[in-house]
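S.K.: Sharing a structure here in structure tokens format.
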Amino acid sequence: MYETHYHRASSIQDAVKLRQAAGEGKYLSGGMTLIPTMKQRLAAPTDLVDVRQVPEMKGIGVSGRTVRIGAATTHFEVASSAELAAVCPAISGLASHIGDPHVRHMGTIGGSIANNDPAADYPSAMLALDATIITDRREIAAGDFFTGLFETALEDGELVTAITFEAPAKAGYQKFANPASRYAMTGVFVVRRDNGDVRVAVTGAGSNGVFRHKGMEAALSANWSPDALVNVTVDASDLLSDIHADASYRANLVKVMAKRAMAAA
Amino acid sequence: MAKITMTVNGRQVSGQCDDRTLLVHFIRENLGLTGTHVGCDTSQCGACVVHMDGRSMKSCSTLAAQAAGSDITTIEGLAANGELHPVQAAFKANHGLQCGFCTPGMVMTAVDMIRRHSGHLDEATVRAELEGNICRCTGYHNIVKSILAAAAEMGGARVAAE
């Protein structure tokens, strides 16, 4: 790892100030991606601003059907919150299958979405749940937040502080996990609202990161059932190909995972 | 350089290290507690697992500075009064190791796992919970057996105490 300077933030305001004063700085949350990346010398921030212990960024609040999750809340905390499981068990289940137990004890929801790894689980949930990403300076709709591979709408120095969403009537998530890394080779999050609106978000498969599948949304709006997906075609031309799976294999996985997510919803 | 203070195995410790020093190196080199191992450079193997504030974590993927002020338990902190912890005793009784390199991480993981599941574990859960720990000798069979034996013993002890 290259040399770096560590700072611990005590509040959101403090974090932003420390980050502004830093040169090529980065926010550090659980560090489950950033520290391994720095160990490999693939990232070399001059300064790290640790936001893991910022009190306003921690914890889960459920008020009626409105859910608010602080950005520094760990995957373990999301997975084990009874309050959250009562209104949206799909996101609890998603969090319980990220990485391994040790990663879940450290990694955070804010870190995951700010990193926007194309194979991460949370971006699909944020997009399908039509979540709002709250930062130190504004609110961003999930649909505008995830802009490409490891790219988001965040400005330089902007800090994700929380996410919020309305719990849906139905939701399900299933992924085909890479056998070594447990990242999603393809993961699909399905959501149905009381008013009948349906959203289907796919992670791990798109060559431009997480995306909504409009064909599946139309089919499931007409008939909320796994069978409704049988005749939907998934275009492989915009999907990732790598050593683990080519685009046509991933296209098939999108459909299979969508059916399984529907069965779980 | 950072001056780091934390509690390790119940004792308050301090040391100087670079801001970039990983917790595992602080534990091994500054504190001389070499039971915590470094098995890979990619955050995958789990040989470095310790407990921070009561939760298992990979000390190779966290800076010592991040852990400042926290309460750390390493493999050296498990045995009390010269008696093996029930998980250590179960690994010994069930031959849950061969070369032993991964064992400190396996034992720390098992202690955390048994605590989270209140001693109620089955084989499938143990195998799923071992996702973050790699053993290249045993094929995991006796590790799983050891953890199930320890969970039964610790769950039984808890019932007896109630």
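Residue numbers (our numbering), protein chains in the order written: chain Y, 82 to 346; chain H, 111 to 272.
We put the CB at the ideal spot given by N, CA and C, even for glycine.
Note that the structure is predicted; figures quoted are calculated from it, not measured.
Which chain H residues are close to P260(Y), counting only those with a beta carbon under 8 Å from its beta carbon?
M.R.: Per Cβ cutoff of 8 Å: no residues; P260(Y) is ~11 Å from chain H at best.
S.K.: I'd like to know whether the C-beta atoms of F191(Y) and V241(Y) end up nearer to each other than 7 Å.
M.R.: Here the sequence assigns Gly to residue 191(Y), which means Phe is not the residue at that position. Taking 7 Å as the Cβ cut-off, G191(Y) and V241(Y) qualify as a contacting pair.
S.K.: With 7 Å set as the bound, which would you pick, yes or no: does the beta-carbon of I116(Y) sit closer than that to a beta-carbon of chain H?
M.R.: Interface residue, yes.
S.K.: Under 7 Å Cβ to Cβ from H251(H), same chain only, skipping five residues before and after it: list those, please.
M.R.: Excluding sequence neighbours, H251(H) sits near nothing in its chain.
S.K.: Suppose contacts are defined by Cβ-Cβ distances below 7 Å. Is V148(H) in contact with T219(H) by that definition?
M.R.: Taking 7 Å as the Cβ cut-off, V148(H) and T219(H) do not qualify as a contacting pair.
S.K.: With 16 as the cutoff for other CB atoms within 10 Å, does S370(Y) come out buried or exposed?
M.R.: Limits of chain Y in this structure are 82 at one end and 346 at the other, which puts residue 370(Y) out of reach.
S.K.: Looking at chain Y, is there any beta carbon in it that lies within less than 7 Å of the beta carbon of R246(H)?
M.R.: By this cut-off, R246(H) is not an interface position.
S.K.: Note down, in chain order, every chain H residue with its Cβ under 7 Å from the Cβ of Y87(Y).
M.R.: The answer, in chain order, is A112, D129, L173, A175.
S.K.: Can you list, in chain order, the residues of its chain whose CB lies under 8 Å from that of S302(Y), leaving out five sequence neighbours each side?
M.R.: Same-chain partners within the cutoff: G277, D278, V279.
S.K.: Please list, in chain order, the chain H residues whose beta carbon lies closer than 7 Å to that of V97(Y).
M.R.: Correct list: empty, because the minimum Cβ distance to chain H is about 19 Å.
S.K.: Please classify L258(H): does DSSP put it in a helix, a strand, or coil?
M.R.: Here L258(H) sits in helix by DSSP.
S.K.: Please work out which residues of its chain come closer than 6 Å, Cβ to Cβ, to A309(Y), disregarding the five sequence neighbours upstream and downstream, and give them in chain order.
M.R.: Result list for A309(Y): A300, L301, in chain order.
S.K.: If you count every other CB in all the chains shown that lies within 10 Å of the CB of T161(H), and 16 or more means buried, which is it?
M.R.: The residue asked about is misnamed: residue 161(H) is His in this sequence, not Thr. Label assigned to H161(H): buried.
S.K.: Check this for me: beta carbons of A40(Y) and S193(Y), under 7 Å apart or not?
M.R.: The first residue shown for chain Y is 82 and the last is 346, placing residue 40(Y) beyond what the model contains.
S.K.: Between the beta-carbon of A152(Y) and the beta-carbon of A209(Y), is there less than 7 Å?
M.R.: Not in contact: A152(Y) and A209(Y) (Cβ atoms no closer than 7 Å).
S.K.: Spatial neighbours of L143(H) within its chain, please: CB distance less than 6 Å, with the 5 preceding and 5 following residues excluded, ordered by chain position.
M.R.: Once the five neighbours on either side are set aside, the close Cβ partners of L143(H) are I137, T184, E186.
S.K.: Indicate the three-state DSSP secondary structure (helix, strand or coil) for K107(Y) in the structure shown.
M.R.: The answer is strand: DSSP assigns K107(Y) an E or B state.
S.K.: Measure the C-alpha to C-alpha separation of S228(H) and F157(Y) and round it to an integer number of angstroms.
M.R.: Straight-line Cα distance between these residues: approximately 16 Å.
S.K.: Decide if N312(Y) is buried, meaning its Cβ has at least 16 other Cβ atoms within 10 Å, or exposed.
M.R.: Per the 10 Å Cβ criterion, exposed.
S.K.: To the nearest angstrom, how far is the alpha carbon of V143(Y) from that of Q255(Y)?
M.R.: Using only the alpha carbons, I get a separation of about 24 Å.
S.K.: Applying a beta-carbon distance threshold of less than 7 Å, which residues of chain H neighbour M113(Y)?
M.R.: Within chain H, the residues near M113(Y) are S171.
S.K.: Going along chain Y, which residues have a C-beta under 9 Å from T152(H)?
M.R.: The contacting residues are P117, K120, Q121.
S.K.: Could you give the residue range of the alpha helix (DSSP H) that holds I172(Y)?
M.R.: Element bounds for I172(Y): 170–177.
S.K.: In angstroms, rounded to a whole number, what distance separates the CA positions of D327(Y) and R237(H)?
M.R.: Spanning the two alpha carbons is a distance of roughly 29 Å.
S.K.: Are the beta-carbon atoms of R305(Y) and R273(Y) separated by less than 7 Å?
M.R.: The question names Arg, but residue 305(Y) in the sequence shown is Trp. Yes; because the gap between Cβ atoms is below 7 Å, this pair is in contact.
S.K.: Taking the straight line between their C-alpha atoms, what separation do you get for Q94(Y) and T248(H)?
M.R.: Going by the C-alpha atoms only, they are around 50 Å apart.
S.K.: Let me confirm a value: C127(H) is counted as buried when at least 16 other C-beta atoms fall within 10 Å, else exposed. Which label applies?
M.R.: Answer is buried; the Cβ neighbour count reaches 16.
S.K.: Nearest chain H C-beta to P182(Y) closer than 7 Å, yes or no?
M.R.: Closer than 7 Å to some Cβ of chain H, the Cβ of P182(Y) qualifies, so yes.
S.K.: To test your reading of the DSSP string, which unbroken alpha helix (DSSP H) runs of 4 or more residues are found completely within the region 185–231 of chain H?
M.R.: DSSP runs (the alpha helix (DSSP H)) wholly in the region 185–231 of chain H: 196–203, 213–226.
S.K.: Under the three-state reduction of DSSP, which class applies to T216(Y): helix, strand or coil?
M.R.: In the structure shown, T216(Y) sits in a strand (DSSP, three-state: E or B).
S.K.: Please report the distance separating the alpha-carbon of A234(H) from that of E84(Y).
M.R.: Spanning the two alpha carbons is a distance of roughly 42 Å.
S.K.: Enumerate in chain order the residues of its own chain whose CB-to-CB distance from L115(H) is below 8 Å, with the five nearest sequence positions on each side excluded.
M.R.: It should be noted that the sequence gives Thr, not Leu, for residue 115(H). Only Q122, V123, S124, A178, G179 meet the Cβ criterion.
S.K.: If you measure between the beta carbons of G170(H) and V118(H), is that distance less than 7 Å?
M.R.: Residue identity check: residue 170(H) is Cys in the sequence provided, not Gly. Not closer than 7 Å, so no.
S.K.: Mind the definition here: the region 97–107 of chain Y touches the region 178–187 of chain Y only if three or more C-beta pairs lie below 8 Å; say whether that holds.
M.R.: No, the region 97–107 of chain Y is not in contact with the region 178–187 of chain Y.
S.K.: Between which two residues does the beta strand (DSSP E) holding S153(H) run?
M.R.: Careful: S153(H) lies outside any beta strand (DSSP E) and carries neither H nor E.
S.K.: Taking C-beta pairs closer than 9 Å, name the residues in chain H that E137(Y) reaches, listed in chain order.
M.R.: Chain H residues near E137(Y): none, gap ~19 Å exceeds 9 Å.
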